[in-house]
Amino acid sequence: MHIRPAASASPLIAVLTMIVLELLRASGPLIDASPGGPAGKALVALAVFTAPVLAWPLTAALRGRSVAAAVATLIAARLALQAFPTPPPAAGLAAAAIGMITLVLAVARAEGGAATIGLLCGVALDVALRSLSATWDVVWQPGWVPWLVTAAECGAAAAAARWTLRRPGTDRPCGPHAWVVGPFLGLCVLFLANPAFVASQAGLTTPTASGALILGALFAVVVAGEVRHAPERHARYAGLAAAPAAGGAVAAALLTSGRHVAILVIAAQLAAGVLLARGLSATPSRNGVRAAGLGAGLGFLLTVLPYQAYYETPLWVPNGFWPLASVAALAVAASRRVPVAPPRPLAHEFRLAGACAIALLAPVVALVATPSPVTEQPSRGRLKLLSWNVHYGVSGAAAVSPEAVARVIEHSGADVVMLQEVSRGWPVGGGLDLAEWLSRRLRLRYVWAPGADGQLGNVILSRIPLRDARAGVLPHGREPIRHSYAAATVAVPGAGELRLMTTHLRDRAENAPARPEQIDALLKAWGGGRPAVIAGDLDLRPSRDTGRGKGFLSAQDATGHGSEPTTDRPRIDRIWGSDGVVFSDFSIMREATVSGRFPLKVTIAPAT
1 MHIRPAASAS
11 PLIAVLTMIV
21 LELLRASGPL
31 IDASPGGPAG
41 KALVALAVFT
51 APVLAWPLTA
61 ALRGRSVAAA
71 VATLIAARLA
81 LQAFPTPPPA
91 AGLAAAAIGM
101 ITLVLAVARA
111 EGGAATIGLL
121 CGVALDVALR
131 SLSATWDVVW
141 QPGWVPWLVT
151 AAECGAAAAA
161 ARWTLRRPGT
171 DRPCGPHAWV
181 VGPFLGLCVL
191 FLANPAFVAS
201 QAGLTTPTAS
211 GALILGALFA
221 VVVAGEVRHA
231 PERHARYAGL
241 AAAPAAGGAV
251 AAALLTSGRH
261 VAILVIAAQL
271 AAGVLLARGL
281 SATPSRNGVR
291 AAGLGAGLGF
301 LLTVLPYQAY
311 YETPLWVPNG
321 FWPLASVAAL
331 AVAASRRVPV
341 APPRPLAHEF
351 RLAGACAIAL
361 LAPVVALVAT
371 PSPVTEQPSR
381 GRLKLLSWNV
391 HYGVSGAAAV
401 SPEAVARVIE
411 HSGADVVMLQ
421 EVSRGWPVGG
431 GLDLAEWLSR
441 RLRLRYVWAP
451 GADGQLGNVI
461 LSRIPLRDAR
471 AGVLPHGREP
481 IRHSYAAATV
491 AVPGAGELRL
501 MTTHLRDRAE
511 NAPARPEQID
521 ALLKAWGGGR
531 PAVIAGDLDL
541 RPSRDTGRGK
551 GFLSAQDATG
561 HGSEPTTDRP
571 RIDRIWGSDG
581 VVFSDFSIMR
591 EATVSGRFPL
601 KVTIAPAT
């Protein structure tokens with residue numbers, strides 16, 4: 001039995017897309033926690049994303065019941081994950097593979113137009129749901145509300161499957177062309193359905209970025225529908241134009257920053273919608289899934305894994321090559337001859353998009369509910385400071401745990417918080433915008449300094465008003481990762497102004513020649529004059545502590561804690577103070593086990 005065209009297949013595919021995107025994001029931190037270093041992680045990822053090849057034998061064995069069986073299995077797997085306080089890696093990765101299999105089977109048995117509309121509407125619904133929790137996926141959250149959301153998703157999937165599979169099928173299913181789902185989902189995880197990426201690159205709030213992505217996805221539904229029903233010559237021209245448009249928009253969004261990035265990502269969504277409509281509607285050479293499952297799994301894997309792994313294991317090409325290669329793959333799929341669908345009025349496509357337009361209410365609610373930052377003054381002449389490498393907000397159990405990070409910060413009572421390895425949409429961080437999430441949860445203003453590709457960096461959070469805030473880039477030598485620093489000035493009552501700076505450096509052989517240049521660049525950015533504190537994960541062993549030689553004193557040494565490690569390895573985190581800074585009450589918060597590093601807490605008294 002096939003899935004009925006357009007009107008009946010789209011709701012099922014939309015709900016499945018929403019569920020599968022969440023599971024694919026969850027696979028990021030789970031794969032990153034795999035043992036065996038980069039090679040071990042790559043093997044685990046390969047095992048997970050070659051598993052969708054099972055879609056072929058499942059179809060052969062179950063025939064018309066394959067979609068129903070796959071949906072039921074996916075629902076059971078998703079409900080099981082929510083039952084665990086922390087999803088077990090094996091169960092989470094198995095659920096991601098099951099999700100990819102299920103979506104490929106559903107798309108393969110649907111008509112191309114229905115599949116395209118369902119995928120794009122699923123993107124809009126996924127972004128809307130995440131905007132309500134500031135990009136923290138429900139699968140990681142405890143409590144009864146996440147359970148209700150999960151039950152609603154699974155109930156919608158079951159109802160849509162029951163309604164869809166009872167209808168007559170189409171005589172033009174996508175069949176083996178369903179492999180294009182993989183590259184498309186990879187682009188969604190990285191950019192097209194990633195509000196954290198848009199927020200960090202464009203300098204927008206997460207609700208605003210979410211609203212832009214939802215609008216883009218809904219407009220893409222309309223554009224794709226019209227291309228699907230246009231004369232073949234016109235539709236082919238649209239497909240030829242969409243390929244460079246999508247590639248150019250993705251490349252420009254990666255390489256630039258500013259408000260225009262939101263427009264670029266929307267343009268990429270529209271172009272991807274055209275490529276999907278063409279690729280999924282191409283006349284299949286034969287029916288059936290065939291190797292579509294394997295193609296989808298590998299398409300997703302080759303889009304996301306090399307892009308992310310580049311910063312640990314650089315390959316022979318820049319990481320931006322891989323998403324552009326995925327765009328090229330979609331363009332190849334769209335280049336085939338497409339049968340023209342029966343003409344329909346323009347209003348039809350607007351009605352289909354309008355059904356999901358309610359998703360726009362979610363970012364509006366999130367924006368209205370955003371709390372105003374608190375403003376407090378520290379004790380006269382004193383400032384409590386916390387410095388911590390939070391490792392993307394991912395715990396040692398491979399769980400995305402921003403709430404645990406927030407509780408540690410609250411418990412510390414710090415006036416100013418300096419954080420390193422803050423992820424804003426990285427796959428290994430589960431797509432979470434940790435900077436925005438903590439700012440909303442703690443009601444603190446923040447300064448963001450992007451490093452790496454712009455989605456990993458350093459943050460200063462403060463309940464004290466920040467002045468002269470800036471972000472700068474440090475020399476990075478031969479390392480593939482870009483280093484940055486965040487800086488701001490605070491006024492301490494009764495003690496004058498204090499310049500605060502935070503950064504994250506790495507102790508690697510290829511970075512050794514650049515290390516002195518990085519320290520010198522930090523000091524140059526300070527400029528002298530005002531007392532200053534430089535804190536962060538500097539990856540400096542005690543024998544390499546260059547702060548004293550530059551006129552700075554370590555808080556840990558000044559308070560008699562110099563021999564204490566800040567991780568399970570030697571002491572590598574630092575809080576440096578210039579002349580005129582007095583440290584007291586230093587402590588290492590060893591009870592904080594969220595990341596592999598312990599927070600450093602100290603009281604600072606600038607000399608008057």
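Here the sequence shown stands for residues 1 to 608, where the numbers follow full-length UniProt numbering. By construction, the Cβ of each residue, glycine as well, lies at the ideal position given by its N, Cα and C atoms.
Are residue i and residue j closer than 8 Å when you measure CB to CB?
i, j, result
"residue 227", "residue 278", "yes"
"residue 578", "residue 516", "no"
"residue 263", "residue 215", "no"
"residue 189", "residue 24", "yes"
"residue 358", "residue 153", "no"
"residue 555", "residue 575", "yes"
"residue 296", "residue 182", "yes"
"residue 147", "residue 430", "no"
"residue 87", "residue 26", "yes"
"residue 408", "residue 324", "no"
"residue 273", "residue 179", "no"
"residue 119", "residue 17", "yes"
"residue 38", "residue 232", "no"
"residue 558", "residue 583", "yes"
"residue 110", "residue 13", "yes"
"residue 370", "residue 195", "no"
"residue 54", "residue 66", "no"
"residue 303", "residue 186", "yes"
"residue 218", "residue 353", "yes"
Counting C-beta neighbours from all protein chains within 10 Å, is the total for residue i 16 or more, i.e. buried, or is it exposed?
i, result
"residue 330", "buried"
"residue 84", "exposed"
"residue 607", "exposed"
"residue 585", "exposed"
"residue 376", "exposed"
"residue 484", "buried"
"residue 549", "Caution is warranted here: a pLDDT of 48 is assigned to residue 549, below 50, making its placement in the model unreliable, and the coordinate value is therefore given only provisionally. Exposed."
"residue 592", "buried"
"residue 234", "exposed"
"residue 34", "buried"
"residue 372", "exposed"
"residue 493", "exposed"
"residue 524", "exposed"
"residue 536", "buried"
"residue 526", "buried"
"residue 468", "exposed"
"residue 385", "buried"
Which whole-angstrom value is the C-beta distance of residue i and residue j, which I expect to be below 8 Å?
i, j, result
"residue 635", "residue 605", "Nothing in the structure corresponds to residue 635, since the chain is present only between 1 and 608."
"residue 334", "residue 275", "4 Å"
"residue 293", "residue 101", "6 Å"
"residue 261", "residue 202", "4 Å"
"residue 439", "residue 432", "Incorrect: roughly 13 Å between the Cβ atoms, too far for contact."
"residue 595", "residue 390", "5 Å"
"residue 174", "residue 108", "5 Å"
"residue 491", "residue 497", "5 Å"
"residue 268", "residue 291", "That belief does not hold up - the Cβ atoms of residue 268 and residue 291 are roughly 27 Å apart, past 8 Å."
Look up residue i in the DSSP assignment and say whether it is helix, strand or coil.
i, result
"residue 10", "helix"
"residue 3", "At residue 3 the pLDDT is 46, less than 50, meaning the model places this residue with poor confidence and gives no usable figure here."
"residue 483", "strand"
"residue 543", "In this predicted model, residue 543 has a pLDDT of only 49, less than 50, meaning its place in the structure is not dependable; the value taken from the coordinates is given anyway. In the structure shown, residue 543 sits in a helix (DSSP, three-state: H, G or I)."
"residue 549", "Because the pLDDT at residue 549 is just 48, under 50, the model does not fix this residue reliably, and the point stays unresolved."
"residue 244", "helix"
"residue 505", "coil"
"residue 576", "strand"
"residue 132", "coil"
"residue 418", "strand"
"residue 536", "strand"
"residue 451", "strand"
"residue 588", "strand"
"residue 444", "coil"
"residue 409", "helix"
Let me see if you follow: with CB-CB separation under 8 Å, is residue i close to chain D or not?
i, result
"residue 554", "Looking at the structure shown, chain D is missing, and only one protein chain is on hand."
- Query: Between the region 127-137 and the region 72-88, are three or more C-beta pairs nearer than 8 Å?
  - Reply: no
Taking contact to mean 3 or more Cβ pairs, one atom from each stretch, closer than 8 Å, check whether the region 382-398 and the region 155-164 are in contact.
no
Q) Using 8 Å as the threshold, is the region 19-38 in touch with the region 88-103, meaning 3 or more CB pairs across them? A) yes
Per the contact definition of three or more C-beta pairs closer than 8 Å, is the region 241-251 in contact with the region 398-416? no
message = With a threshold of 8 Å, are at least 3 pairs of Cβ atoms found where one atom belongs to the region 460-479 and the other to the region 413-421?
response = yes
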